[in-house]
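Trainee:
2 protein chains.
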Amino acid sequence: MQVNTHLQQLQGNYLFTEIVNRTEAYKATHPEQRLLRLGVGDVTLPLPQPIIHAMHQAVEELAHEDTFRGYGPEEGYIWLRQAIIDNDYQPLGIDLSTDEVFISDGAGSDLGNLSELFGRNNRVGILEPTYPAYLDTSAMAGREVVFLPCTAENHFVPELPKEQVDLIYLCYPNNPTGATLTHAQLAQWVDYAREHHSIIIFDAAYESFIEDSDVPHSIYEIKGADEVAIEVRSYSKSAGFTAVRCGYTVVPKKTGLQAMWLRRQCTKFNGASYIAQRGAMASYSPEGKAGAQANLAYYKQTADILLTGLRKMGYQVFGGKNAPYIWCRVPKGYDSWSFFDHLLNTCQVVCTPGVGFGKSGEGYVRFSAFSKREDCEEALKRLKSLAHSKNL
Amino acid sequence: MQVNTHLQQLQGNYLFTEIVNRTEAYKATHPEQRLLRLGVGDVTLPLPQPIIHAMHQAVEELAHEDTFRGYGPEEGYIWLRQAIIDNDYQPLGIDLSTDEVFISDGAGSDLGNLSELFGRNNRVGILEPTYPAYLDTSAMAGREVVFLPCTAENHFVPELPKEQVDLIYLCYPNNPTGATLTHAQLAQWVDYAREHHSIIIFDAAYESFIEDSDVPHSIYEIKGADEVAIEVRSYSKSAGFTAVRCGYTVVPKKTGLQAMWLRRQCTKFNGASYIAQRGAMASYSPEGKAGAQANLAYYKQTADILLTGLRKMGYQVFGGKNAPYIWCRVPKGYDSWSFFDHLLNTCQVVCTPGVGFGKSGEGYVRFSAFSKREDCEEALKRLKSLAHSKNL
Numbered sequence: 005m006q007v008n009t010h011l012q013q014l015q016g017n018y019l020f021t022e023i024v025n026r027t028e029a030y031k032a033t034h035p036e037q038r039l040l041r042l043g044v045g046d047v048t049l050p051l052p053q054p055i056i057h058a059m060h061q062a063v064e065e066l067a068h069e070d071t072f073r074g075y076g077p078e079e080g081y082i083w084l085r086q087a088i089i090d091n092d093y094q095p096l097g098i099d100l101s102t103d104e105v106f107i108s109d110g111a112g113s114d115l116g117n118l119s120e121l122f123g124r125n126n127r128v129g130i131l132e133p134t135y136p137a138y139l140d141t142s143a144m145a146g147r148e149v150v151f152l153p154c155t156a157e158n159h160f161v162p163e164l165p166k167e168q169v170d171l172i173y174l175c176y177p178n179n180p181t182g183a184t185l186t187h188a189q190l191a192q193w194v195d196y197a198r199e200h201h202s203i204i205i206f207d208a209a210y211e212s213f214i215e216d217s218d219v220p221h222s223i224y225e226i227k228g229a230d231e232v233a234i235e236v237r238s239y240s241k242s243a244g245f246t247a248v249r250c251g252y253t254v255v256p257k258k259t260g261l262q263a264m265w266l267r268r269q270c271t272k273f274n275g276a277s278y279i280a281q282r283g284a285m286a287s288y289s290p291e292g293k294a295g296a297q298a299n300l301a302y303y304k305q306t307a308d309i310l311l312t313g314l315r316k317m318g319y320q321v322f323g324g325k326n327a328p329y330i331w332c333r334v335p336k337g338y339d340s341w342s343f344f345d346h347l348l349n350t351c352q353v354v355c356t357p358g359v360g361f362g363k364s365g366e367g368y369v370r371f372s373a374f375s376k377r378e379d380c381e382e383a384l385k386r387l388k389s390l391a392h393s394k395n396l
Numbered sequence: 005m006q007v008n009t010h011l012q013q014l015q016g017n018y019l020f021t022e023i024v025n026r027t028e029a030y031k032a033t034h035p036e037q038r039l040l041r042l043g044v045g046d047v048t049l050p051l052p053q054p055i056i057h058a059m060h061q062a063v064e065e066l067a068h069e070d071t072f073r074g075y076g077p078e079e080g081y082i083w084l085r086q087a088i089i090d091n092d093y094q095p096l097g098i099d100l101s102t103d104e105v106f107i108s109d110g111a112g113s114d115l116g117n118l119s120e121l122f123g124r125n126n127r128v129g130i131l132e133p134t135y136p137a138y139l140d141t142s143a144m145a146g147r148e149v150v151f152l153p154c155t156a157e158n159h160f161v162p163e164l165p166k167e168q169v170d171l172i173y174l175c176y177p178n179n180p181t182g183a184t185l186t187h188a189q190l191a192q193w194v195d196y197a198r199e200h201h202s203i204i205i206f207d208a209a210y211e212s213f214i215e216d217s218d219v220p221h222s223i224y225e226i227k228g229a230d231e232v233a234i235e236v237r238s239y240s241k242s243a244g245f246t247a248v249r250c251g252y253t254v255v256p257k258k259t260g261l262q263a264m265w266l267r268r269q270c271t272k273f274n275g276a277s278y279i280a281q282r283g284a285m286a287s288y289s290p291e292g293k294a295g296a297q298a299n300l301a302y303y304k305q306t307a308d309i310l311l312t313g314l315r316k317m318g319y320q321v322f323g324g325k326n327a328p329y330i331w332c333r334v335p336k337g338y339d340s341w342s343f344f345d346h347l348l349n350t351c352q353v354v355c356t357p358g359v360g361f362g363k364s365g366e367g368y369v370r371f372s373a374f375s376k377r378e379d380c381e382e383a384l385k386r387l388k389s390l391a392h393s394k395n396l
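Just so you know, the protein sequences line up as chains Z and L, in that order.
According to the numbering used here, the first sequence is numbered sequentially starting from 5.
According to the numbering used here, the second sequence is numbered sequentially starting from 5.
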């Protein structure tokens, strides 16, 4: 038996482990201190009542003979796929058919598994800094990776690749930088993909944070994108589903990949939980939408408080608008990890070191608007006294 | 961009589509007839109350700030992994550590995704007839497949492969034949794998149907199996979770694959639904166990009624004991599909043609004990009159 040597040789991703280790070590020696966790990339507000109600109903249906159901369609229930088209795409003027929409147990699974559609000998373009899964998934498949650096100089939107890349992972609004693309910028990538016969895997997990009209909600707002783009979305951030597990992926027929993805899913996936799909469906009712919007408004306000507060103190900050993440340049004399340590030791503030997302992330830390409001406000207070003493 | 040509070239699996098409065509021309569906491979009884209660509680936790939770561990909650060890393995004298147990959204996902642990150049041994996913997954990875025919002559337990096979999918109690292995028979496969440095992927989805003491519940009952075997289990049949989605996979450290599987799951999976995991946990409470056992007892009795009824009429039947499936030889002059048509047209009985599971399945049909009891009893009545007239 031969193992997958690409997977075997892949190093562990130690970013979050290392954060936990350093935080725990601090807590052990300073048990009296309250830590302010501003690194959280996970929702913290309870689910809206209409979604809770729908999931209770779904659970109850499974308790009775006349309403019990077993396996659902691997690609998801038709009512949810239709609701997605009606609510998430039709208003944008995008035409999709239900068999181009695939319900999953979350964007994380799809972003990993989509890799199976492609042969090994594809060159992959990856924004850098990056959500680690794109890179790790490409490495597991043994593919060559071309990094596309995102820096303050290019406003965290990289230049088009100079060499041929066959697969491109784009995540906008971006994790971790909080950057967004305009329609014109995204159109350049679609044009590139069309010219180079590439496929764009568009991770739209943070789409619900978009407020500006010039930021596209879907890559299919760009003409011709349905020939070259797969779009991955999630209810994790839009409806707070990180524990519930539900997302979806659009694979247009014009990409030539729809039948292959259906075959993949029918073979290796038995459908998303019925309870989760009922919950997702409820997020499209007027009451469900209102509840989800209220939660989103809260996170958006937290982002604004963080962004404004940090900027006032003189920090150079990016993102935080149309995105839940604030990407903050560390003061001179620090790098990502030493500034992380500094904030932990002097303010008991836990952030995420930017270098953990790749070497272009060096010199930054990420703050998250999913963190508790009172932690953010208290953190800003503590940072303020620090700013004074450190003359930022 | 190059597609995965192995996936692209894979033919559709038309078994269940073809069954639906023929059944619908019959219904269209005979709208007055009630069809008796004996092909169902999916549970039909409602979930036990203690499991329903636990899932309601989990949903409610997500509704309140003080009990809300987001992402869980990718490998599953520690309380569920410990309960699995305490309830499913400790009583069998099997020692496992919690980091060898991985919770998933169902056996279907794991049986597909485990393929990623291995390099392309492995030869795969697959029992034939087979659950189609083993074969399709191997084909998608571009691996050479060696079929191991299961026939009445070998009691549906194939001979050990004459040539080297590197990966072996074993499913016992078997789908579709309903065959089981004794400890001694399973030990031969473990010995083969140890000698040939192969890995056995042991699909134990129907483990909860085992009643005979000589049929192993886990491959780890065999000494040395923890060096060569991965075991995949599901709550789908044991607790009726086909809509809920939860299962687990054991990857012992001694296989050398545990760290790789953890890395794979942490990259491409964001954990099973919290609600599903709480439901699975409740299946281990005394009340949950009693409820699940009551459902299983019902299916087991249905299997016995079918097996006994068919045997009395002179059909040559296999399985149906320690397994939910009855594998029935078709009468002389028929093949799988013509007997399927015959039953549909004369008795309005829907079964599953054996040839759909591979060519060694030709000459058989599969009946399922998950079918409704009244449908089974009525089907036996209709078959009886048929048996008389056809002199089986």
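Glycine included, C-beta positions come from ideal geometry on N, C-alpha and C.
Since this is a predicted model, take the numbers as computed values, not measurements.
Thinking valine 354 of chain Z and glycine 43 of chain Z are a contact (beta carbons under 8 Å), I'd like their distance in whole angstroms, please.
Mentor: Working through the first sequence from its first residue, we reach residue 354 of chain Z at position 350. Working through the first sequence from its first residue, we reach residue 43 of chain Z at position 39. Confirmed, Cβ separation roughly 5 Å.
Trainee: Can you name, in chain order, every residue of its own chain whose Cβ lies under 7 Å from the Cβ of lysine 376 of chain L, other than the five neighbours on each side?
Mentor: Here residue 376 of chain L is taken as the residue at index 372 of the second sequence, counted from 1. For lysine 376 of chain L, where only same-chain residues beyond five positions count, the Cβ hits under 7 Å are Thr48.
Trainee: Tell me which residue opens and which closes the alpha helix (DSSP H) that proline 95 of chain Z is part of.
Mentor: Locating residue 95 of chain Z in the first sequence gives position 91, counting from the first residue. Segment: none, proline 95 of chain Z is in no alpha helix (DSSP H) and carries neither H nor E.
Trainee: Exposed or buried, aspartate 90 of chain Z, counting other C-beta atoms within 10 Å across all chains shown (16 or more means buried)?
Mentor: Counted from its first residue, the first sequence places residue 90 of chain Z at position 86. Burial call: exposed.
Trainee: Taking only the alpha-carbon atoms, compute the straight-line gap between leucine 390 of chain Z and serine 372 of chain Z and give it to the nearest angstrom.
Mentor: Here residue 390 of chain Z is taken as the residue at index 386 of the first sequence, counted from 1. Here residue 372 of chain Z is taken as the residue at index 368 of the first sequence, counted from 1. Whole-angstrom Cα-Cα distance: 20 Å.
Trainee: The alpha helix (DSSP H) with isoleucine 107 of chain Z in it runs from where to where?
Mentor: The count along the first sequence starts at 1 and reaches residue 107 of chain Z at position 103. No alpha helix (DSSP H) holds isoleucine 107 of chain Z; the beta strand (DSSP E) holding it covers 105-108.
Trainee: Closer than 6 Å by C-beta to alanine 286 of chain Z: which residues in its own chain qualify, once you throw out the five before and the five after it? Chain order, please.
Mentor: In the first sequence, counting from the first residue as 1, residue 286 of chain Z sits at position 282. Closer than 6 Å at Cβ, skipping near neighbours: Pro54, Ile55, Ala58, Gly292.
Trainee: Does the CB of glycine 76 of chain Z have a neighbour CB from chain L at under 8 Å?
Mentor: In the first sequence, counting from the first residue as 1, residue 76 of chain Z sits at position 72. For glycine 76 of chain Z, the answer is yes, since a Cβ of chain L falls inside 8 Å of its Cβ.
Trainee: Going by the CB atoms, is the gap between leucine 185 of chain Z and valine 219 of chain Z shorter than 8 Å?
Mentor: One-based indexing of the first sequence puts residue 219 of chain Z at position 215. One-based indexing of the first sequence puts residue 185 of chain Z at position 181. Yes, they are a contact pair.
Trainee: For threonine 21 of chain L, is the classification buried or exposed, using 16 other Cβ atoms within 10 angstroms of its Cβ as the cut-off for buried?
Mentor: Start at 1 with the first residue of the second sequence, and residue 21 of chain L comes out as number 17. So threonine 21 of chain L counts as exposed.
Trainee: When the Cα atoms are used, what is the spatial distance from asparagine 395 of chain Z to lysine 304 of chain Z?
Mentor: Numbered from 1 along the first sequence, position 391 holds the residue referred to as residue 395 of chain Z. Numbered from 1 along the first sequence, position 300 holds the residue referred to as residue 304 of chain Z. At asparagine 395 of chain Z, the pLDDT of 49 sits below 50, so the modelled position is not reliable; the number obtained from the coordinates is stated separately. Using only the alpha carbons, I get a separation of about 29 Å.
Trainee: Exposed or buried, which one is arginine 370 of chain Z when buried takes at least 16 other CB atoms within 10 Å?
Mentor: Sequence index remark: in the first sequence, residue 370 of chain Z carries index 366 (1-based). Classification for arginine 370 of chain Z: buried.
Trainee: Within 8 Å (strictly less), CB to CB, does valine 359 of chain Z reach chain L?
Mentor: Position 355 of the first sequence, counted from the first residue, corresponds to residue 359 of chain Z. It does not; no Cβ of chain L falls within 8 Å.
Trainee: Count the other CB atoms, across all protein chains shown, that sit within 10 Å of the CB of alanine 62 of chain Z; report buried if there are 16 or more and exposed otherwise.
Mentor: Counting from 1 along the first sequence, the entry for residue 62 of chain Z is found at position 58. Classification for alanine 62 of chain Z: buried.
Trainee: Straight-line CA distance for alanine 276 of chain L to aspartate 109 of chain L?
Mentor: As a position in the second sequence, residue 276 of chain L is number 272, starting the count at 1. As a position in the second sequence, residue 109 of chain L is number 105, starting the count at 1. So the two alpha carbons sit approximately 5 Å from each other.
Trainee: My parser needs the beta strand (DSSP E) runs of 3 or more residues fully inside the region 219-252 of chain Z; what are they?
Mentor: Complete beta strand (DSSP E) runs here, min 3: 233-238.
Trainee: With 7 Å as the limit, tell me which residues of the region 68-102 of chain Z have their beta carbon closer than that to any beta carbon of chain L; keep them in chain order.
Mentor: If the cut-off is 7 Å between Cβ atoms, the region 68-102 of chain Z has His68, Glu69, Phe72, Arg73, Gly74, Tyr75, Gly76 near chain L.
Trainee: Using a threshold of 8 Å, state whether the C-beta atoms of valine 232 of chain L and isoleucine 204 of chain L are closer than that.
Mentor: Stepping through the second sequence from its first residue, residue 232 of chain L is reached at position 228. Stepping through the second sequence from its first residue, residue 204 of chain L is reached at position 200. Contact: yes.
Trainee: Going along the chain, which residues of its own chain have a beta-carbon closer than 8 Å to the beta-carbon of arginine 268 of chain Z, five neighbours each way excluded?
Mentor: Residue 268 of chain Z sits at position 264 when you count from the first residue of the first sequence. So the qualifying residues of the chain are Asn117, Glu120, Leu121.
Trainee: Does arginine 268 of chain L come out as helix, strand or coil in the three-state DSSP assignment?
Mentor: Translated into positions along the second sequence, residue 268 of chain L becomes position 264. Three-state result, arginine 268 of chain L: helix.
Trainee: Mind pulling the chain Z residues with CB within less than 9 Å of asparagine 179 of chain L?
Mentor: For the purposes of this step, residue 179 of chain L is taken as residue 175 along the second sequence, with counting starting at 1. Neighbours of asparagine 179 of chain L on chain Z: none; closest Cβ ~14 Å, over 9 Å.
Trainee: Distance check for asparagine 17 of chain L and valine 161 of chain L, CA to CA, integer angstroms please.
Mentor: Numbered from 1 along the second sequence, position 157 holds the residue referred to as residue 161 of chain L. Numbered from 1 along the second sequence, position 13 holds the residue referred to as residue 17 of chain L. In a straight line, the C-alpha of valine 161 of chain L is about 25 Å away from that of asparagine 17 of chain L.
Trainee: Taking the C-alpha atoms as reference points, what is the distance between glutamine 12 of chain Z and leucine 190 of chain L?
Mentor: Indexing the first sequence from 1 puts residue 12 of chain Z at position 8. Indexing the second sequence from 1 puts residue 190 of chain L at position 186. Whole-angstrom Cα-Cα distance: 29 Å.
Trainee: Examine chain L for any beta-carbon lying closer than 8 Å to the beta-carbon of glycine 123 of chain Z, and answer yes or no.
Mentor: Residue mapping note: residue 123 of chain Z aligns to position 119 of the first sequence, counting from 1. Taking Cβ atoms only, chain L reaches closer than 8 Å to glycine 123 of chain Z, which makes this a yes.
Trainee: Output needed for threonine 246 of chain Z: all residues of its chain with C-beta closer than 7 Å, excluding positions within five of it in sequence on either side, in chain order.
Mentor: Locating residue 246 of chain Z in the first sequence gives position 242, where the first residue counts as 1. The answer, listed in chain order, is Asp46, Val47, Ser240.
Trainee: On the criterion of 16 or more Cβ atoms from any shown chain inside 10 Å, does lysine 325 of chain Z qualify as buried, or is it exposed?
Mentor: Within the first sequence, the letter at position 321 stands for residue 325 of chain Z. Lysine 325 of chain Z comes out buried.
Trainee: Buried or exposed for glutamate 132 of chain L, going by 16 or more other Cβ atoms inside 10 Å?
Mentor: To locate residue 132 of chain L, count along the second sequence from 1; it is residue 128. The residue in question, glutamate 132 of chain L, is buried, as its Cβ has 16 or more Cβ neighbours within 10 Å.
Trainee: With 8 Å set as the bound, which would you pick, yes or no: does the beta-carbon of arginine 237 of chain L sit closer than that to a beta-carbon of chain Z?
Mentor: Translated into the one-based positions of the second sequence, residue 237 of chain L becomes position 233. Not closer than 8 Å to any Cβ of chain Z, the Cβ of arginine 237 of chain L fails to qualify, so no.
Trainee: If we call anything under 8 Å between Cβ atoms a contact, is proline 165 of chain Z one with leucine 152 of chain Z?
Mentor: Here residue 165 of chain Z refers to the residue found at position 161 of the first sequence. Here residue 152 of chain Z refers to the residue found at position 148 of the first sequence. In contact: proline 165 of chain Z and leucine 152 of chain Z (Cβ atoms closer than 8 Å).
Trainee: Quick check on this structure: which residue in L:Gly244, L:Cys270, L:Ala87, L:Gly365 has the alpha carbon closest to the alpha carbon of histidine 68 of chain Z?
Mentor: Here residue 68 of chain Z is taken as the residue at index 64 of the first sequence, counted from 1. For histidine 68 of chain Z, the nearest C-alpha among the options comes from L:Gly244.
Trainee: Check whether the Cβ of phenylalanine 273 of chain L lies closer than 8 Å to any Cβ atom in chain Z.
Mentor: To locate residue 273 of chain L, count along the second sequence from 1; it is residue 269. By this cut-off, phenylalanine 273 of chain L is an interface position.
Trainee: Taking only three categories from DSSP, how would you classify phenylalanine 20 of chain L?
Mentor: Within the second sequence, residue 20 of chain L is the residue found at index 16, counting from 1. Three-state DSSP puts phenylalanine 20 of chain L in a helix.
Trainee: Starting from phenylalanine 371 of chain Z, follow its DSSP beta bridges and name the residues at the other end.
Mentor: Counting from 1 along the first sequence, the entry for residue 371 of chain Z is found at position 367. DSSP lists Z:Ile330 as partners of phenylalanine 371 of chain Z.
Trainee: Going by CA-CA distance only, name the one from L:Pro328, L:Ala263, L:Gln320 that's closest to glutamate 211 of chain L.
Mentor: Locating residue 211 of chain L in the second sequence gives position 207, where the first residue counts as 1. Comparing Cα positions, the closest option is L:Pro328.
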